[in-house]
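As structure tokens, the structure follows; a few thoughts come after it.
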Amino acid sequence: MKMAIDCRALRNAPSGIPNFLVASINEFSRCFTNWEFFLLSNEEFHPEIAKQIIYRANVKVIIEPLLLFKKVSFLWLLTKANFIVNKIKPDLYWSPAFLLPPFLRNEIQTLVTVHDIVNKEFKSTMSLIGRIYAHLLQDYSINKADKLWANSYYTTHSIKKYYKARNSKDIFTGFFINKTLFKPITVSPEEKAELLNKYKVNSKFILFVGTLEPRKNLEFLLKLMPSIKHLEVKLLVVGAKGWGNTKISSIVESKDYPSENVLFLGFVPTEDLIKLYNLASVFISTSLNEGFGMPQLEAMACGCPVITPHNSAMIEVVEGAGETVRSWYVNDWVNAITKVLSNREGYSLKGLERSKQYEAELVLKQLFSYINNEKS
Numbered sequence: 004m005k006m007a008i009d010c011r012a013l014r015n016a017p018s019g020i021p022n023f024l025v026a027s028i029n030e031f032s033r034c035f036t037n038w039e040f041f042l043l044s045n046e047e048f049h050p051e052i053a054k055q056i057i058y059r060a061n062v063k064v065i066i067e068p069l070l071l072f073k074k075v076s077f078l079w080l081l082t083k084a085n086f087i088v089n090k091i092k093p094d095l096y097w098s099p100a101f102l103l104p105p106f107l108r109n110e111i112q113t114l115v116t117v118h119d120i121v122n123k124e125f126k127s128t129m130s131l132i133g134r135i136y137a138h139l140l141q142d143y144s145i146n147k148a149d150k151l152w153a154n155s156y157y158t159t160h161s162i163k164k165y166y167k168a169r170n171s172k173d174i175f176t177g178f179f180i181n182k183t184l185f186k187p188i189t190v191s192p193e194e195k196a197e198l199l200n201k202y203k204v205n206s207k208f209i210l211f212v213g214t215l216e217p218r219k220n221l222e223f224l225l226k227l228m229p230s231i232k233h234l235e236v237k238l239l240v241v242g243a244k245g246w247g248n249t250k251i252s253s254i255v256e257s258k259d260y261p262s263e264n265v266l267f268l269g270f271v272p273t274e275d276l277i278k279l280y281n282l283a284s285v286f287i288s289t290s291l292n293e294g295f296g297m298p299q300l301e302a303m304a305c306g307c308p309v310i311t312p313h314n315s316a317m318i319e320v321v322e323g324a325g326e327t328v329r330s331w332y333v334n335d336w337v338n339a340i341t342k343v344l345s346n347r348e349g350y351s352l353k354g355l356e357r358s359k360q361y362e363a364e365l366v367l368k369q370l371f372s373y374i375n376n377e378k379s
């Protein structure tokens, strides 16, 4: 059996979808040794990502760029992807990030992973180009796919709400993270001192991980900082710049703002990120909407307590294992932060226990039963 996988996401630095895709490839190739997996892309993989892939005998990488516009992956998907797939003749084509190439042969079964329906539910938090892109290809792919893989029950519900044609069709629901990477580790005193010095932070800090874009609502977290100044914690912001993040600078640069307590780290190597998860006093997300909440689960898997809003998929991922705040009142968030900081160990243990529900091997075996139309 052959599976062709759209691996264009692996060109990018480690983040949600690339991390998920690497974990999937490694588990697929380990669990299903009688399958061949073809990793397709228009460009070489990011060095940080490439070294995380386990290149087993049943994993083959195919990098075939366009002759012109080599970096325009959208054109590659519309044109070259079909030619590559037709040469491979896979039994299954998997798009791990929403989008199918048009005009695939009918005999090739298709699987699309849906991470969120932000283009329907929170259009205002997307760029104009992102909205057009999603409208043209995401809608087509979700309606066209033979099989759908949703990362959460929240996303499954959203698919059925906005794509009525999928209501009568089964949707597989399940997700996981790379727990060979994201796990509790012992950070030696020397390593800890080196890391804290590298990022100019003391031993007590809040961690935020996510692309700096409107949906992540970092502005709210930044506005909380003056109210928790007495707790003597710094905020470390990990994540690449997205779009529409101009308000961030105006908040941090405003008069009397404790800007010395906020550090923007940008991209952080995976090895450092894992250490930061392990050392952080608490991980906080203030996102308006998440189809899953992968950084939240990564944090819990590393033993870091988590605080999130009580919305979207973050409820099913975090509630009962961390704190989910039901309002946007500053006092409610300050109380949640104070509560978690006073019982870090207890929340750490709850989070570790919750992360056990997201085991890759179990999820993928259920997925393959779904693909093969087996009834559980």
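Just add 3 to wherever you are in the sequence shown, counting from 1, and you've got the numbering used here. Glycine residues also receive a C-beta, built at the ideal position from the N, C-alpha and C atoms. Because the structure is a prediction, the values reported are computed rather than measured.
Considering residue i, what are the terminal residues of the alpha helix (DSSP H) in which it resides?
i      : result
Glu51  : Pro50 to Ala53
Ile20  : Gly19 to Cys34
Glu39  : Where Glu39 is concerned, there is no enclosing alpha helix (DSSP H), although the beta strand (DSSP E) it sits in stretches over Glu39 to Ser44.
Lys147 : Asp142 to Lys147
Lys63  : First-last for Lys63: Val62 to Ile66, but that is the beta strand (DSSP E), not the alpha helix (DSSP H).
Arg357 : Arg347 to Ser358
Val373 : A small correction: the amino acid at residue 373 is Tyr; Val does not occupy that position in the sequence shown. Counting along the chain, the alpha helix (DSSP H) containing Tyr373 begins and ends at Ala363 to Ile374.
Near residue i, which residues of its chain fall below 8 Å by C-beta distance, leaving aside the five closest residues on each side in sequence?
i      : result
Lys126 : Arg134
Pro93  : Lys5, Met6, Ala7, Phe41 and Ile111
Val255 : Leu225, Ser262 and Val265
Ala168 : Asn146
Leu69  : Asn45, Val75, Leu78, Trp79, Thr82 and Lys83
Asp335 : Val328 and Arg329
Glu362 : Phe179 and Lys182
Leu95  : Met4, Lys5, Met6, Ala7, Ile111, Gln112, Thr113, Leu114 and Ile374
Considering just the uninterrupted stretch of the beta strand (DSSP E) at residue i, what are its terminal residues?
i      : result
Val309 : Val309 to Pro312
Tyr202 : No beta strand (DSSP E) holds Tyr202; DSSP gives it neither H nor E.
Trp152 : Lys150 to Ala153
Asp9   : Lys5 to Asp9
Below 7 Å CB to CB, which residues in the same chain sit around residue i once its five sequence neighbours on both sides are set aside?
i      : result
Ile231 : Val337 and Ile340
Ala148 : Leu103, Thr113, Leu114 and Val115
Ile277 : Leu184, Phe185, Ile188 and Cys305
Gly177 : Val366, Gln369 and Leu370
Glu124 : Ser161 and Asn292
Pro105 : Leu81
Asn181 : Asn22, Val25 and Ala26
Ile57  : Asn29 and Ser32
Is residue i buried or exposed, if buried means 16 or more other CB atoms sit within 10 Å of its CB?
i      : result
Lys172 : exposed
Gly294 : buried
Lys378 : In this prediction, Lys378 scores a pLDDT of 46, lower than 50, which makes its location untrustworthy; the coordinate-derived value is nonetheless stated afterwards. Under this definition Lys378 is an exposed residue.
Glu301 : buried
Ile28  : buried
Phe48  : buried
Asn376 : exposed
Gly296 : buried
Val75  : exposed
Pro17  : buried
Cys307 : buried
Lys219 : buried
Ignore the nearest five residues each way along the sequence and tell me which others in residue i's own chain have a CB closer than 6 Å to its CB.
i      : result
Arg357 : Met303 and Ala324
Val62  : Ser32 and Phe40
Lys207 : Val236 and Ser284
Pro21  : Ala12, Leu13, Asn15 and Ile52
Phe223 : Thr289
Tyr373 : Phe175
Establish whether the CB of residue i and some CB of chain C are separated by less than 8 Å.
i    : result
Met4 : Judged by its chain identifiers, the structure shown contains no chain C, having just a single protein chain.
Length at least 4, wholly inside the segment 256 to 334: the alpha helix (DSSP H) runs in chain order: 273 to 282, 297 to 304 and 317 to 321
Sufficient close CB pairs (3 or more, under 8 Å) joining the segment 281 to 300 to the segment 308 to 322: yes
Any beta strand (DSSP E) of 3 or more consecutive residues that is wholly inside the segment 74 to 98: Counting only runs of 3 or more, we get 95 to 98.
Contained beta strand (DSSP E) runs [length at least 3] in the segment 151 to 238, N- to C-terminal order: 208 to 212
Whole runs of the alpha helix (DSSP H) within the segment 104 to 139, excluding any shorter than 4 residues: 121 to 124 and 131 to 136
Meets three-Cβ-pair contact criterion under 8 Å: the segment 150 to 167 and the segment 314 to 322: yes
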